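The next block holds one structure in the form of structure tokens; read it before the comments.
There are 2 protein chains.
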Amino acid sequence: MTIDAKINQSLERALRVGEKTNCPAKLNSALHHAVFPGGARVRPKLCIAVAHACDPEADLTDAIAAATALELLHCASLVHDDLPCFDDADQRRGKPSVHVKYGETIAVLAGDAMIVLAFQTLAQGAQSYFRELTMVMAEATAPPNGIAAGQAWEAEPKIDLEAYHNSKTAALFIAASRAGAVSVGNSDANWRELGSCLGRAYQIADDLRDMLLTPEELGKPAKQDVRNCRPSAVESYGVHGAYKRLRGAIDAAIESVPDCDGTESLRQLIQAQAIRLTPDHLVQEVA
Amino acid sequence: MTIDAKINQSLERALRVGEKTNCPAKLNSALHHAVFPGGARVRPKLCIAVAHACDPEADLTDAIAAATALELLHCASLVHDDLPCFDDADQRRGKPSVHVKYGETIAVLAGDAMIVLAFQTLAQGAQSYFRELTMVMAEATAPPNGIAAGQAWEAEPKIDLEAYHNSKTAALFIAASRAGAVSVGNSDANWRELGSCLGRAYQIADDLRDMLLTPEELGKPAKQDVRNCRPSAVESYGVHGAYKRLRGAIDAAIESVPDCDGTESLRQLIQAQAIRLTPDHLVQEVA
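Spelled out as structure tokens, the structure:
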């Protein structure tokens, strides 16, 4: 079974609580709508790639549970971030966003439910490192440094840009990278930097895509940063400057991979992802 | 130190993550606004009372962690339930509700953060029964039977009334009662019924108070059930019928307390709470 299939199977299992039971139908349907079909599943894949790089022979039970929790937390943040009081985005992954299709109350509750399901998935699935993985996930989502704090910076009169980007985007990448190491019994100390660099790269890539691609290419509204007066790398450094910083962040990510059994293959994976991140015509445009 | 003081101390500690760190100020302030000063702290007190009844000599470390998590989950549900897309309530506990004071985005994020902090508190505080307590809390909040599902019933064209009340109100009482037993190493099998009866009692009492008390007495808007077209015990059975059912639920709760070292004192505590639940003039009105 491919890693993609394993992640999807585990996500299906996490949401199955709502089937064949007396769960309100709209909430059940909204949860599936929010999680399937997924985006690139980048965070769970990073978690599993790090686990595999740390120990290619290791049992991946805890890594799969952590990967599933990461994706549920990510999907929860997307559903809440699309709400009218946040980005007011009517599309996500080429489909109506959850609040457009199911209403605002169900969107709030689906996000809440996915946060809980993430921790429930760890409790059910993580065998050896349940407590450590719970701590990693909580740190990535709660204040002061998790995604909830990241989104909360947008409500402040003066935004701490570094804290904003670190907590809004990098937090879950750092968690993915740390969780990968922790889930196979390794220390996570050397793995924060990889998540941090990749988080920075994704934030810049997201800002570039928001500015340069069409809604059809994005599967969601374009130019949301300008519309919502959000700080963005494009606004700060221009397209060319932002692209240079994106390349710099990817190089730093590759450089940061600690010595382990799978260092080389992990570096190749990051390089391949970097190409995917930056569409051809964007590269040519800024070349 | 009284139980009240211990619960508040533990809640302070759970929220302290935002202090002396780079946490966005509004979110930090909103979290404290949502949790302090508290209401009656009924769910955490029930948890600790059950733990103490099961084993008066037991160490209460895990029970305090569970009690704290319960209150955080309860406060999260109140903050989200007050949002404009739900009850649109502008007051809670005699103060402006979180979204009125801090805005909708911060209210959504504060709720999200409190859910995560609940699970983080368990990871940090629960020593012996961390996994079991996490499962109890997740079941009480996630679909199909947790509070998120309870609120989601309100968006269905046809409401399953029993499932609605069980998941919206009873779920956290059942969790409190189960967690009390689990946190001192007892089986929770005999303790579900107590939580279920108390949850029913609280739901009916809440319906009665909503209909009969003034906003000043309630510290929040009155007659919200009628305004939001919510099913209520008063609507279904009238004031007198609802009051009879409230008494019945309390009697059933007292009856349900399993044989243990503290059976009698726990029964007395429930009786005392029942009097608090039903204000004098309400008792006279329906007598």
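Protein chains in written order, with my numbering: chain A, 1 to 287; chain B, 1001 to 1287. All C-beta atoms in this analysis are idealised placements derived from N, C-alpha and C, irrespective of residue type, glycine included. None of the values given here were measured: they were computed from a predicted structure.
1. With a threshold of 8 angstroms between beta carbons, is I24(A) in contact with chain B?
2. Taking C-beta pairs closer than 8 angstroms, name the residues in chain B that H80(A) reaches, listed in chain order.
3. When you compare the CB of P144(A) with every CB in chain B, is at least one pair closer than 8 angstroms?
4. First and last residue of the alpha helix (DSSP H) that includes D1062(B)?
5. Please state whether the Cβ-Cβ distance between L109(A) and A1148(B) is less than 8 angstroms.
6. Over the uninterrupted alpha helix (DSSP H) stretch that includes Y202(A), give me the two end residues.
7. Could you tell me if E255(A) is buried or exposed, where buried requires 16 or more neighbouring beta carbons within 10 angstroms of its beta carbon?
8. Closer than 9 angstroms by beta-carbon distance: list the chain B residues that pair up with F130(A), in chain order.
9. Are D1062(B) and A1005(B) close, meaning C-beta to C-beta below 8 angstroms?
10. Considering only residues of the same chain and omitting the five flanking positions on each side of A1242(B), which have a CB-CB separation below 7 angstroms?
11. What does DSSP give as the partner residues of P1096(B) in its beta bridges?
12. Taking 8 angstroms as the cut-off, decide whether the C-beta atoms of A1142(B) and L1072(B) are in contact.
13. Let me make sure I understand the geometry here. Which of K95(A), D82(A) and L27(A) has the alpha-carbon closest to that of G37(A)?
14. Is there a C-beta anywhere in chain A that falls below 8 angstroms from the one on E1012(B)?
15. Specify the secondary structure class of A1142(B) as computed by DSSP and reduced to three states.
16. Output needed for A89(A): all residues of its chain with C-beta closer than 7 angstroms, excluding positions within five of it in sequence on either side, in chain order.
17. Using the beta-carbon of each residue, which ones in chain B are nearer than 7 angstroms to N28(A)?
18. Could you list which residues in chain A have their beta carbon closer than 8 angstroms to that of C1085(B), in chain order?
19. Taking a Cβ distance cut-off of 7 angstroms, strictly less, list which residues of the stretch 1055-1080 of chain B are near chain A, in chain order.
20. Leaving out five residues on either side along the sequence, give the residues of the same chain with a beta carbon under 6 angstroms from the beta carbon of A1295(B).
21. Would V182(A) be called buried (16 or more neighbouring beta carbons within 10 Å of its own) or exposed?
22. Please determine if the stretch 1148-1157 of chain B and the stretch 154-167 of chain A are in contact, where contact requires at least 3 C-beta pairs separated by less than 8 angstroms.
23. Starting from the Cα of A1288(B), find the closest Cα among L1198(B), M1211(B) and V1257(B) and give me that residue.
24. Output needed in chain order: residues of the stretch 146-167 of chain A with a Cβ under 8 angstroms from some Cβ in chain B.
25. Based on Cα-Cα distance, which residue from A1030(B), R1276(B) and H1074(B) lies nearest to G1150(B)?
26. Could you check whether the Cβ of A1138(B) sits closer than 8 angstroms to any Cβ belonging to chain A?
27. Please report the straight-line C-alpha distance between R1267(B) and C1260(B), rounded to a whole angstrom.
28. Could you give the DSSP three-state label for Q1120(B): helix, strand or coil?
29. Please determine, among L212(A), M211(A), D210(A) and A171(A), the residue with the shortest C-alpha to C-alpha distance to L192(A).
30. I'd like to know whether the C-beta atoms of G180(A) and A58(A) end up nearer to each other than 8 angstroms.
31. Beta-carbon separation of R1092(B) and F1173(B) under 8 angstroms?
32. Tell me whether A287(A) is buried or exposed, calling it buried when 16 or more other Cβ atoms sit within 10 Å of its Cβ.
33. Residues in the same chain with beta-carbon distance under 7 angstroms from H294(A), minus the five sequence neighbours each way, listed in chain order, please.
34. Using a Cβ-Cβ cut-off of 8 angstroms, state whether V98(A) counts as contacting chain B.
According to the data block:
1. Here residue 24(A) is taken as the residue at index 24 of the first sequence, counted from 1. According to the sequence shown, residue 24(A) is Pro rather than Ile. Yes, because at least one Cβ of chain B sits closer than 8 angstroms to the Cβ of P24(A).
2. Position 80 of the first sequence, counted from the first residue, corresponds to residue 80(A). What H80(A) touches in chain B: V1108, L1109 and D1112.
3. Counting from one through the first sequence, the residue named residue 144(A) turns up at place 144. Yes - at least one Cβ of chain B is within 8 angstroms of the one on P144(A).
4. Counted from its first residue, the second sequence places residue 1062(B) at position 62. Element bounds for D1062(B): T1061 to D1081.
5. What you label residue 109(A) is simply residue 109 of the first sequence in a count that begins at 1. What you label residue 1148(B) is simply residue 148 of the second sequence in a count that begins at 1. Result yes, Cβ atoms of L109(A) and A1148(B) sit closer than 8 angstroms.
6. Counting from 1 along the first sequence, the entry for residue 202(A) is found at position 202. Note, Y202(A): alpha helix (DSSP H), R192 to L212.
7. In the first sequence, counting from the first residue as 1, residue 255(A) sits at position 255. Answer is exposed; the Cβ neighbour count stays below 16.
8. Numbered from 1 along the first sequence, position 130 holds the residue referred to as residue 130(A). Those within 9 angstroms of F130(A) in chain B are A1123, F1130, R1131 and T1134.
9. As a working note, residue 1062(B) is residue 62 in the second sequence. As a working note, residue 1005(B) is residue 5 in the second sequence. The beta carbons of D1062(B) and A1005(B) sit no closer together than 8 angstroms.
10. Your numbering for residue 1242(B) matches position 242 in the second sequence. Answer for A1242(B): I1204, D1207, L1208, A1233 and V1234, listed in chain order.
11. For the purposes of this step, residue 1096(B) is identified with residue 96 of the second sequence, where counting begins at 1. According to DSSP, P1096(B) bridges with Q1091(B).
12. Within the second sequence, numbered from 1, the residue matching residue 1142(B) stands at position 142. Within the second sequence, numbered from 1, the residue matching residue 1072(B) stands at position 72. Taking 8 angstroms as the cut-off, the Cβ atoms of A1142(B) and L1072(B) do not count as close.
13. Walking along the first sequence from the start, residue 37(A) turns up at place 37. One detail in the question is off: residue 37(A) reads as Pro in this sequence, not Gly. The shortest Cα separation from P37(A) among K95(A), D82(A) and L27(A) belongs to K95(A).
14. Counting from 1 along the second sequence, the entry for residue 1012(B) is found at position 12. Not an interface residue.
15. For the purposes of this step, residue 1142(B) is identified with residue 142 of the second sequence, where counting begins at 1. Note: A1142(B) maps to coil in three-state DSSP.
16. Sequence index remark: in the first sequence, residue 89(A) carries index 89 (1-based). D82, S97, K220, P221 and Q224.
17. Walking along the first sequence from the start, residue 28(A) turns up at place 28. Neighbours of N28(A) on chain B, chain order: P1143.
18. Counted from its first residue, the second sequence places residue 1085(B) at position 85. Correct list: G103, E104, T105 and V108.
19. The residues in question are H1080.
20. Because residue 1295(B) is not part of the residues shown, which for chain B are 1001 to 1287, the question remains open.
21. For the purposes of this step, residue 182(A) is taken as residue 182 along the first sequence, with counting starting at 1. It counts as buried.
22. Inter-segment contact for the stretch 1148-1157 of chain B and the stretch 154-167 of chain A is absent: fewer than three beta-carbon pairs are separated by less than 8 angstroms.
23. The question about residue 1288(B) has no answer here: the residues shown for chain B are numbered 1001 through 1287.
24. Residues G146, A148, A149, Q151, A152, W153, E154, A155, E156, D160 and A163.
25. Position 150 of the second sequence, counting from 1, holds the residue named residue 1150(B). Residue H1074(B) is the option with its Cα nearest to G1150(B).
26. Translated into positions along the second sequence, residue 1138(B) becomes position 138. By this cut-off, A1138(B) is an interface position.
27. On the second sequence, position 267 is the one that residue 1267(B) refers to. On the second sequence, position 260 is the one that residue 1260(B) refers to. Distance between the alpha carbons of R1267(B) and C1260(B) is about 11 angstroms.
28. Translated into the one-based positions of the second sequence, residue 1120(B) becomes position 120. Q1120(B) carries a helical assignment under DSSP once its states are collapsed to helix, strand and coil.
29. On the first sequence, position 192 is the one that residue 192(A) refers to. It should be noted that the sequence gives Arg, not Leu, for residue 192(A). Closest option to R192(A), Cα to Cα, is A171(A).
30. Position 180 of the first sequence, counted from the start, is the residue given in the question as residue 180(A). Position 58 of the first sequence, counted from the start, is the residue given in the question as residue 58(A). The answer is no: Cβ separation not under 8 angstroms.
31. Position 92 of the second sequence, counted from the start, is the residue given in the question as residue 1092(B). Position 173 of the second sequence, counted from the start, is the residue given in the question as residue 1173(B). 8 angstroms or more divides the Cβ of R1092(B) from the Cβ of F1173(B).
32. For the purposes of this step, residue 287(A) is identified with residue 287 of the first sequence, where counting begins at 1. Since pLDDT at A287(A) reaches only 44, below the 50 mark, its modelled position is unreliable, and the value read off the structure follows with that caveat. Around the beta carbon of A287(A), fewer than 16 other beta carbons sit within 10 angstroms, so the residue counts as exposed.
33. This structure cannot speak to residue 294(A), because chain A is shown only from 1 to 287.
34. Within the first sequence, the letter at position 98 stands for residue 98(A). No, because no Cβ of chain B sits closer than 8 angstroms to the Cβ of V98(A).
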